[in-house]
Structure formats: C-alpha cells, structure tokens
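**Student:** Here it is, the structure, as structure tokens.
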Amino acid sequence: MSQLTGPRKKRRVDRGLFWFTVPGIAVVLLFHYVPLLGNVIAFQDYQPFIGIMHSRWSGLDNFSVLFNGDSAFLHALSNTFQLLIIQVVFVFPAPILLALALNSLVSERVKKAVQNVLYLPHFLSWVVVVALFQQMLGSGGLVNVFLRAQDLGTWNIIGDPELFKGLLTSQVIWKDTGWGTILFLAALSRVDTDLYEAAAMDGAGRLRQTWHVTLPALRGLVVLLLILRLGDALSVGFEQIILQQAGVGLPASEVLDTYVYNNGLLSGQWGVSAAVGLVKGLVGVVLVLGANKLAHFFGEEGIYRS
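Numbering (the working numbering), first residue to last: 6 to 311.
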C-alpha cells in the first residue's frame, strides 16, 4: 500500500488538526456568539417569565438613560472613565517597567526566581486578593493593629471612598503586573545583542541604550496591547469592584458593569441593562477600529492590516 505524499498527505494532516480545533470553536460559538442574540431584549420590555418571544417591543425606550442623561448612569460612566484613565496611566506601563528591570538582571537564575514569585498573584482569584487586602488594610487588619499598638489611631483604607480608586489600582498592579511581563520579556529576548554593543561603542550609556534600542523593540507590542485594551476600555474589573462595593457605597464604586448588574439582575430593569451593555460593546469596537487606523497612520501593524 503506497504511502501518501505531497499535497494529499498535507491535507490529511491538516484535516486531523482541524478536528482538534472543533471543541474550542464550539465553546467560542456557544458561550460568546450565541449569547449575542440576547441583546434583542435591549429593544423590548423584557419580562423573564414570558420570555423573549412574547415580551413587548419598546423600540429605543431602554436607551433613554443614555439620551436623557440618567444621573445614576452618568455617575457610573464618570467613574468608569476615571478608572480607565488611572489604569492606562499606572497599570498599563507597570509590566513594561518591570520587564525592563528584570531584563537588566545579569544572573539568569535570579531572574527566573524573581519571575516565578511575581507570577504567583495572577493565579489567585479576586476573592482571595480582596480578602488579603482586607486582612492587611481593613479596620481590623495588620496595619491598624500596629497603629493601635502605637496609639496612633486607625485608618480604614478599605472602607474609605476617597481612596477606593487608588486601592483598586494597587490591587490590579499587585495581581497582574508580574504576569503581564511575559510578552515583554519575550520581545526583549529577541533584541540583537549586537545593537547594544554598537550603541556602547558609540558612547551610549545604559539609559540611552534603553531609549534607542530596547524601547523601539517593544513599540509594536505596546501598540498592539494598547489597542486590545481599548476594546475592553469600559470594563474596569466587575468582580474586583462588586466584592468591595458594599464597603464604600455606590457613589464611589459604581461603574458600567456594576450598573448593569445592579439594575438588571437585582432591580429587574433587564432592557435598560442590556441597552447599556450593548452600547458599551459598540463603543469598544469603535475604539479598537479607530486605534488600529491610527496605528497604521504612524506606521505600526496594529491588530490587522486594512
């Protein structure tokens, strides 16, 4: 029996690989695309006990919170944009800076040991992370126990609305910065060492080598990740925030994701919540497309070529 060769053999191998992708494709379709059909309730006076097929159509009435300036929605939108700006300024650069610091370590053994320690928080759930911060910074946490022992009073950082956005930012940095360095370290490992040697021969110190050699090597990756972050720009950590919302109250913690949850699942305003979620998704798509076009204008590849 003759063995398959050439194109026929390749097609047979590709067919086998294709069947391995079927479960993944099915999961994506079932849990990411089929639920999109549920967005139809944004245009209905949806009632769960009678279902989508029998709920009354309401047109654009559910979008009135957007058009008429509902105060609760506007407050959630304001908090969302504030957190977005804070996270872009402080959270997004953190893995880059940490990757540069790790890359400067001479000993590979020390570098790997530090990386392993920094990766660990990523694998903790937000329930565990919030609990750890409460044990450290809450009214009965270690910090306040020390302050009481020194007769310095107490400072309930966890329950202070003024500090809530800073607290969220510090939690994200602690949890995900180490994991975020993986891609940047991989990009740095591909930089030709001859470039550093040439820069050193031209009199460039460590700082100028970083500016003229290292950072340009990361530019494409930074642009790509920033564009992807914009696609999820209006999602600023639902699970993290909802776990701590009761302690600081809605004025300090309500964002679009928690607004959808509180008004949809808890208050029964299903159509309004679906309308807000739909607009949030459309805004994300527009931001991605716009940022990708801007990246092309500056000569970067972005996430796709137009």
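Even for Gly, the Cβ is constructed at its ideal location relative to N, Cα and C.
Note that the structure is predicted; figures quoted are calculated from it, not measured.
What are the start and end residues of the alpha helix (DSSP H) that includes T263?
**Tutor:** Under the DSSP assignment, T263 falls in the alpha helix (DSSP H) whose first and last residues are L261 to Y266.
**Student:** When the Cα atoms are used, what is the spatial distance from G269 to G276?
**Tutor:** 8 Å
**Student:** Just tell me which of L230, I55, A257 and Q274 has its CA closest to the CA of E305.
**Tutor:** L230
**Student:** Can you tell me whether DSSP reads M6 as helix, strand or coil?
**Tutor:** Residue placement at M6 is flagged as unreliable, the pLDDT there being 43, under the threshold of 50; the coordinate-derived value follows with that caveat. Residue state, collapsed to three classes: coil.
**Student:** Helix or strand or just coil, what does DSSP make of R61?
**Tutor:** Looking at R61 - three-state DSSP - the assignment turns out to be strand.
**Student:** So, is D262 buried or exposed, given that buried needs 16 or more other C-beta atoms within 10 angstroms?
**Tutor:** Classification for D262: buried.
**Student:** Which of the three DSSP states is assigned to Q140 in this structure?
**Tutor:** helix
**Student:** With a CB to CB cut of under 7 Å and the five nearest residues on each side skipped, what residues in its chain are close to W62?
**Tutor:** F48 and Q49
**Student:** What does a CB cutoff of less than 7 Å around I247 pick up in its chain, not counting 5 residues either side in sequence?
**Tutor:** Excluding sequence neighbours, I247 sits near T263 and Y266.
**Student:** Ignore the nearest five residues each way along the sequence and tell me which others in L190's own chain have a CB closer than 7 Å to its CB.
**Tutor:** Excluding sequence neighbours, L190 sits near A104, L107 and N108.
**Student:** For A99 versus I178, is the C-beta spacing smaller than 8 Å?
**Tutor:** yes
**Student:** Taking the beta carbon of T26 as the centre, do at least 16 other beta carbons fall within 10 Å, making it buried, or is it exposed?
**Tutor:** exposed
**Student:** Apart from the five residues just before and just after T159, which ones in its own chain have a Cβ nearer than 7 Å to its Cβ?
**Tutor:** The residues S144, N149, L152 and R153, in chain order, have a CB closer than 7 Å to that of T159 in the same chain once the five nearest residues on each side in sequence are set aside.
**Student:** DSSP three-state label for W24, please.
**Tutor:** DSSP places W24 in helix when its eight states are reduced to three.
**Student:** Under a Cβ-count criterion, where at least 16 other Cβ atoms within 10 Å of its own Cβ denotes burial, should S130 be classed as buried or exposed?
**Tutor:** exposed
**Student:** Do you know how far the Cα of A280 is from the Cα of N44?
**Tutor:** 8 Å
**Student:** I need the boundaries of the alpha helix (DSSP H) containing A238, first residue and last residue.
**Tutor:** First-last for A238: undefined, no H or E at that position.
**Student:** Once you ignore the five residues that flank M6 on each side, which residues in its own chain have a CB closer than 7 Å to its CB?
**Tutor:** The pLDDT assigned to M6 is 43, lower than 50, so where the model puts this residue is not dependable; a value taken from the coordinates is nonetheless given after this. No residues qualify anywhere along the chain.
**Student:** By DSSP, does Q249 sit in helix, in strand, or in coil?
**Tutor:** coil
**Student:** State the Cα-Cα distance for the pair P256 and H37, rounded to the nearest angstrom.
**Tutor:** 31 Å
**Student:** How many Å lie between I202 and G208 at the Cα?
**Tutor:** Position check: residue 202 holds Glu in this sequence, whereas Ile was assumed. So the alpha carbons of these two residues sit roughly 10 Å apart.
**Student:** Span of the alpha helix (DSSP H) holding W163?
**Tutor:** According to the sequence displayed, residue 163 carries Ile and not Trp. First-last for I163: undefined, no H or E at that position.
**Student:** Note down the Cα distance separating Q249 from Q176, rounded to an integer number of angstroms.
**Tutor:** 12 Å
**Student:** Please state the DSSP three-state secondary structure of A296.
**Tutor:** helix
**Student:** Taking 8 Å as the cut-off, decide whether the C-beta atoms of H127 and G183 are in contact.
**Tutor:** yes
**Student:** Helix, strand or coil, according to DSSP, for Q49 in the structure here?
**Tutor:** strand
**Student:** For K285, which residues from the same chain have a beta carbon less than 6 Å from its beta carbon, with the 5 sequence-adjacent residues on both sides left out?
**Tutor:** L239 and L261
**Student:** Where does I308 fall in DSSP's three states?
**Tutor:** Coil at I308, not helix or strand.
**Student:** Relative to the C-alpha of L102, which candidate in F68, G164, Y51 and T219 has its C-alpha closest?
**Tutor:** The shortest C-alpha separation from L102 is found at T219.
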